[in-house]
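Presented below is the structure to which this report refers.
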Ligand code: F6R
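Numbering (this note's numbering), first residue to last: -14 to 227.
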């Protein structure tokens, strides 16, 4: 079942943050699926504020990031480990061991996908997965053409995604060429999927994800197969919904 809520971005972020904290109040060791990129940042800021306001104990929460670049030096400020540390772990006063990020170190990359899948399974599975949406329909780094049955694996980033993410690097050439990402089927195993998309640049991708045919050429369309997906979009991103 897919529900679509059309709300201003700040209202949507607040709603999702409140929902996550209510989940944690009921299940203190809840497992969260975390996305990087710009879209979820207002959710993380709202969480930071509300955790203090509501005095929520987050000491037993666990989390799994969706993806990581392959081959960035350890501690690189644009590695998703570093981003998650800055945007989630520190502001939410979590300890680093509570949040896992796929290991993108080149030396151990062969074993990293299976290890990550095993860690997610051992946690009991993700309760709530936050997702951003690529302009081309990617979720995680599952680019168009990704099998809907895929699990965590190493992928090549498309030229488009490298171009989109160049804003975080000194030049486009420095954007890594490979990533490790949860697969579409890994993502679909989470018990509740929460897709966020804001702004005109996401409008086509939102319409294709929500109303388009389910197809590997649009990985986000697989969310239609999930029993509980919530899509939160603003007016601009909802523009092409019928
Ligand atoms: C991030 C991720 C990506 C982004 C997507 C949208 O962990 O997996 O799928 O969610 O590229 O990025 P933003 O939010 O920056 O527009």
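The C-beta atom is built at its ideal place from N, Cα and C for all residues, glycine as well. Model, not experiment: these values are computed from the prediction.
Give the straight-line distance between the Cα atoms of residue i and residue j, rounded to the nearest whole angstrom.
i: residue 62; j: residue 155; result: 12 Å
i: residue 169; j: residue 102; result: 12 Å
i: residue 33; j: residue 86; result: 20 Å
i: residue 123; j: residue 81; result: 27 Å
i: residue 104; j: residue 93; result: 16 Å
i: residue 79; j: residue 44; result: 7 Å
i: residue 57; j: residue 64; result: 7 Å
i: residue 112; j: residue 50; result: 13 Å
i: residue 157; j: residue 36; result: 37 Å
i: residue 188; j: residue -9; result: 12 Å
i: residue 183; j: residue 25; result: 10 Å
i: residue 76; j: residue 5; result: 16 Å
i: residue 190; j: residue 214; result: 16 Å
i: residue 38; j: residue 162; result: 41 Å
i: residue 142; j: residue 91; result: 16 Å
i: residue 19; j: residue 89; result: 16 Å
i: residue 9; j: residue 74; result: 16 Å
i: residue 119; j: residue 55; result: 19 Å
i: residue -3; j: residue 117; result: 13 Å
i: residue 219; j: residue -7; result: 5 Å
Since residue i contacts residue j with CB under 8 Å, what's their CB separation in whole angstroms?
i: residue 179; j: residue 217; result: 7 Å
Who are the near neighbours of residue i in its chain, counting only those whose CB is closer than 7 Å to its CB and skipping five residues on each side?
i: residue 173; result: 207, 210, 211
i: residue 83; result: 46, 47, 48
i: residue 145; result: 121
i: residue 195; result: -13, -11, 216, 226
i: residue -5; result: 27
i: residue 67; result: 60, 61
i: residue 42; result: 13
i: residue 197; result: 203, 206
Apply the 10 Å Cβ neighbour rule to residue i and answer buried if 16 or more other Cβ atoms are within range, or exposed otherwise.
i: residue 11; result: exposed
i: residue 138; result: buried
i: residue 199; result: exposed
i: residue 130; result: exposed
i: residue 128; result: buried
i: residue 96; result: exposed
i: residue 7; result: exposed
i: residue 23; result: exposed
i: residue 71; result: exposed
i: residue -1; result: buried
i: residue 98; result: buried
i: residue 205; result: buried
i: residue 106; result: exposed
Give me, in chain order, the residues of the same chain whose beta-carbon lies closer than 6 Å to that of residue i; leave out the 5 immediate sequence neighbours on both sides.
i: residue 133; result: 169, 201, 207
i: residue 52; result: 125, 126, 164, 166
i: residue 108; result: 16, 47
i: residue 160; result: 147, 150, 151, 154
i: residue 171; result: 136, 137
i: residue 21; result: 65, 68
Short of 8 Å in beta carbon distance, which residues of its chain neighbour residue i, apart from the five on each side in sequence? Order them along the chain.
i: residue 1; result: 28, 31, 115, 179, 181, 217
i: residue 110; result: 16, 174, 175, 176
i: residue 185; result: 221, 222, 224
i: residue 100; result: 88
For residue i and chain C, any beta-carbon pair shorter than 7 Å?
i: residue 56; result: The displayed structure is made up of one protein chain only, and chain C is not part of it.
Residues with C-beta closer than 6 Å to any heavy atom of the ligand F6R, in chain order: 20, 21, 22, 23, 24, 51, 52, 117, 118, 119, 123, 124, 125, 126
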